[in-house]
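First comes the structure, then the notes that go with it.
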Amino acid sequence: MKVKIKNIPKVWYFFIFMILVYISISIFNRDIFSTSFEFFIQIIYKIIPIFILVFILMTISNYFITPKFVLKHLKEKGIKKWIFVIIGGVLSSGPIYMWYPLLADLHKKGLKYGLIACFLYNRAIKIPLLPLAIVYFNWQYILVLTIVMILTSVLQGIMLNKIMEVKK
Amino acid sequence: MKQSITKAAKGLWNSFPMIFGTILLISLISAIIPKTFYTTIFNGRIFLDSLIGSTIGSISAGHPMTSYIFGGEMLSQGVSLLAVTAFLVSWVTVGLIQLPAESAILGKKFAILRNVTAFILSIVVAIITTLIVGLLI
């Protein structure tokens, strides 16, 4: 039995732990279990199309984006690489964790951690949600917040590049 | 092309356990923490409110749409714009719930540094935004 547990890849531990938590909750509190499980199913339904999109993007990325390509577009042109990452972050959709595999893959091809951080930060800006945000706040506030967040994303990217270099 | 497809499929398959585990955790937290919890925490202390706002936003999970609705409701109940902004920004930029997945896929060092800096910057963004908005309006 010990050998079998050791054979389970570490990446599965968290998932197995969560399954055990859900089993325990289903025994002690069925209401919380059903609410959580229904929510889980709702998210799964929502993310299936995003999974497909991410799979397509990963395939395209594997096919076209070679380390040479990344070096050419993201390393040689100073400001353009940041603009490219900002636009990519703003336009990307779906839950943040859906993009981790693609970003990890791009990192292996030369994309710096600072640019990954910048991409992830800009995912916070959701164009389709702007009307709702304006309804709750106002357009001046949302405009200022968006500009400040974009500038901050670059600042965070530069900070992370420096820190990661020092840590190496 | 076949190689690219296989590589993409492998990459996704390896991230499935962390992604599904994260969704299970998010669903559980959404079921346990009532929506009223968020509006009872803030009570007018500007700096502490923004710190609390960033902290709650960081540990919260859910669609950004929910954060706008919560934030808007908080504002109408008298919570300061600074605290609400810190809450909104950290909700979408800090991902403590997703940290295990981010660490496993992008590296522990990067994930921790990114989230810590995003937390600090959420307060900075809140201060700058409210200052500019205060001057403009």
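Chains as they are written, first to last, in this note's numbering: chain E, 1 to 168; chain S, 169 to 305. Positions of the beta carbon are idealized from the N, C-alpha and C atoms, including for glycine.
query: Under 9 angstroms between C-beta atoms, does Asn62 of chain E make it to chain S?
result: Numbered from 1 along the first sequence, position 62 holds the residue referred to as residue 62 of chain E. Proximity of Asn62 of chain E to chain S, defined by a Cβ-Cβ separation below 9 angstroms, is satisfied.
field: alpha helix (DSSP H) runs wholly inside the region 5 to 64 of chain E, at least 4 long, in chain order
entry: Runs found: 13 to 28 and 30 to 64.
message: Can you give me the C-alpha to C-alpha distance between Phe82 of chain E and Phe64 of chain E, rounded to a whole angstrom?
response: The sequence position of residue 82 of chain E within the first sequence is 82, counting from 1. The sequence position of residue 64 of chain E within the first sequence is 64, counting from 1. One detail in the question is off: residue 82 of chain E reads as Trp in this sequence, not Phe. CA-to-CA, the gap between Trp82 of chain E and Phe64 of chain E works out to about 20 angstroms.
- request: Look up Met169 of chain S in the DSSP assignment and say whether it is helix, strand or coil.
  value: Taking the first residue of the second sequence as position 1, residue 169 of chain S is located at position 1. Coil.
- request: Answer yes if the region 116 to 130 of chain E comes into contact with the region 244 to 255 of chain S, meaning at least three C-beta pairs across the two stretches below 8 angstroms, and no otherwise.
  value: Not touching, per the Cβ criterion.
Nearest-angstrom Cα separation, counted from Ser258 of chain S out to Leu180 of chain S: Taking the second sequence and counting its residues from 1, the one referred to as residue 180 of chain S is at position 12. Taking the second sequence and counting its residues from 1, the one referred to as residue 258 of chain S is at position 90. One C-alpha to the other measures close to 27 angstroms.
message: Looking at chain E, is there any beta carbon in it that lies within less than 9 angstroms of the beta carbon of Lys277 of chain S?
response: Walking along the second sequence from the start, residue 277 of chain S turns up at place 109. Interface flag for Lys277 of chain S against chain E is set, since a Cβ pair is found closer than 9 angstroms.
task: Consider the Cβ of Leu91 of chain E: report whether some Cβ of chain S lies at a distance smaller than 9 angstroms.
output: Translated into the one-based positions of the first sequence, residue 91 of chain E becomes position 91. Leu91 of chain E has a beta carbon lying at 9 angstroms or more from every beta carbon in chain S.
query: At a Cβ threshold of 9 angstroms, is Met223 of chain S touching chain E?
result: Here residue 223 of chain S refers to the residue found at position 55 of the second sequence. It should be pointed out that residue 223 of chain S corresponds to Thr in this sequence rather than to Met. Answer no: the Cβ-Cβ gap between Thr223 of chain S and chain E never drops below 9 angstroms.
Reference Thr174 of chain S; option with closest CA among E:Ile43, E:Phe55 and E:Pro131: Against the second sequence, residue 174 of chain S aligns to sequence position 6. Taking only the C-alpha atoms, the option nearest Thr174 of chain S is E:Phe55.
- prompt: Which value, in whole angstroms, describes the spacing of the CA atoms of Leu183 of chain E and Phe37 of chain E?
  reply: The displayed coordinates of chain E run from 1 to 168. Any statement about residue 183 of chain E would go beyond what the structure contains.
message: Please report the distance separating the alpha-carbon of Phe278 of chain S from that of Ile224 of chain S.
response: Taking the first residue of the second sequence as position 1, residue 278 of chain S is located at position 110. Taking the first residue of the second sequence as position 1, residue 224 of chain S is located at position 56. Distance between the alpha carbons of Phe278 of chain S and Ile224 of chain S: 22 angstroms.
Same chain only: Cβ atoms within 6 angstroms of Ser26 of chain E, ignoring 5 sequence neighbours per side: Numbered from its first residue, the first sequence carries residue 26 of chain E at position 26. If you ignore the 5 residues before and after Ser26 of chain E, its C-beta comes within less than 6 angstroms of the C-beta of Phe33, all in its own chain and listed in chain order.
task: Name, please, each residue of chain S whose Cβ falls closer than 7 angstroms to the Cβ of Tyr45 of chain E.
output: As a first step, residue 45 of chain E must be located in the first sequence, where it is residue number 45. For Tyr45 of chain E, there are no neighbours in chain S by C-beta distance under 7 angstroms, as the nearest C-beta there is about 11 angstroms away.
task: Under 6 angstroms Cβ to Cβ from Val260 of chain S, same chain only, skipping five residues before and after it: list those, please.
output: Reading the second sequence from its first residue, position 92 is the one you call residue 260 of chain S. Cβ within range, chain order: Pro232.
task: Identify which residue in S:Leu192, S:Ile288 and S:Leu274 has its Cα closest to the Cα of Asn182 of chain S.
output: Along the second sequence, read from residue 1 onward, the residue named residue 182 of chain S stands at position 14. Ranking S:Leu192, S:Ile288 and S:Leu274 by Cα distance to Asn182 of chain S puts S:Leu274 first.
- request: Work out the CA separation of Leu304 of chain S and Leu267 of chain S for me, nearest whole Å.
  value: Start at 1 with the first residue of the second sequence, and residue 267 of chain S comes out as number 99. Start at 1 with the first residue of the second sequence, and residue 304 of chain S comes out as number 136. So the alpha carbons of these two residues sit roughly 37 angstroms apart.
- prompt: For Met98 of chain E versus Phe188 of chain S, is the C-beta distance shorter than 9 angstroms?
  reply: In the first sequence, residue 98 of chain E corresponds to position 98, counting from 1. In the second sequence, residue 188 of chain S corresponds to position 20, counting from 1. No, the Cβ-Cβ distance between Met98 of chain E and Phe188 of chain S is not below 9 angstroms.
query: Taking DSSP as the reference, what is the three-state secondary structure of Ser228 of chain S?
result: As a first step, residue 228 of chain S must be located in the second sequence, where it is residue number 60. In this structure, Ser228 of chain S counts as coil in the three-state DSSP scheme.
message: Judging by CA-CA distance, which residue of S:Ala176, S:Ile227 and S:Ile291 is the nearest neighbour of Thr190 of chain S?
response: Here the question's residue 190 of chain S lines up with position 22 in the second sequence. Nearest of S:Ala176, S:Ile227 and S:Ile291 to Thr190 of chain S, Cα basis: S:Ile227.
message: Using a Cβ-Cβ cutoff of less than 8 angstroms, which residues in the same chain neighbour Pro101 of chain E once the five nearest sequence positions on both sides are dropped?
response: Position 101 of the first sequence, counting from 1, holds the residue named residue 101 of chain E. Apart from sequence neighbours up to five positions away, the residues of its chain that approach Pro101 of chain E with a beta-carbon distance below 8 angstroms are Val54 and Met58, ordered along the chain.
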